[in-house]
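Report on the structure given below.
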Amino acid sequence: MSQKSATSGIGAIMNQHRGLFKEYQDVKKKVKAYQKQRFLTPGESVEQRTLQRLKLYKKDQLQRLESKMAEMGLVPEKK
Numbered sequence: 067m068s069q070k071s072a073t074s075g076i077g078a079i080m081n082q083h084r085g086l087f088k089e090y091q092d093v094k095k096k097v098k099a100y101q102k103q104r105f106l107t108p109g110e111s112v113e114q115r116t117l118q119r120l121k122l123y124k125k126d127q128l129q130r131l132e133s134k135m136a137e138m139g140l141v142p143e144k145k
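Residue numbers 67 to 145, in my numbering, belong to the letters of the sequence shown in order.
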């Protein structure tokens, strides 16, 4: 693998991590907003459960990507 393609691969992984982290944070905020509500309609309750599952899925994806990055010697940016 050439130096240029390795660098672009690293950049792609870092961009993927940034995007995935942002998606995770957005879903986390939505879940938190539902948790703050005292009562939820049945539709809101379903939406909350769906978002909680999505949040866990995004977190799992982040952890897998971070493991891959650690194997490559990369450290994800903490925000």
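Cβ coordinates follow ideal geometry from the N, Cα and C atoms, glycine included. Every value quoted in this text rests on a predicted model; they were computed, and no experiment measured them.
Is residue i helix, strand or coil when you go by DSSP?
| i | result |
| --- | --- |
| Q103 | coil |
| M80 | helix |
| M138 | coil |
Beta-carbon of residue i versus every beta-carbon of chain D: anything under 8 Å?
| i | result |
| --- | --- |
| E132 | Considering every chain present, this structure includes no chain D. It has just one protein chain. |
If I measure Cβ to Cβ from residue i and keep anything under 7 Å in the same chain, skipping five residues before and after, which residues do I get?
| i | result |
| --- | --- |
| K125 | Y90 |
Under a Cβ-count criterion, where at least 16 other Cβ atoms within 10 Å of its own Cβ denotes burial, should residue i be classed as buried or exposed?
| i | result |
| --- | --- |
| M67 | Legend: pLDDT at M67 = 49, less than 50; position of this residue unreliable, value from coordinates given subsequently. That one is exposed. |
| V112 | exposed |
Return the residue from the list the options that minimises the CA-CA distance to residue i.
| i | options | result |
| --- | --- | --- |
| R119 | G109, V97, E137, P108 | V97 |
| R130 | Y100, F87, S74, G77 | F87 |
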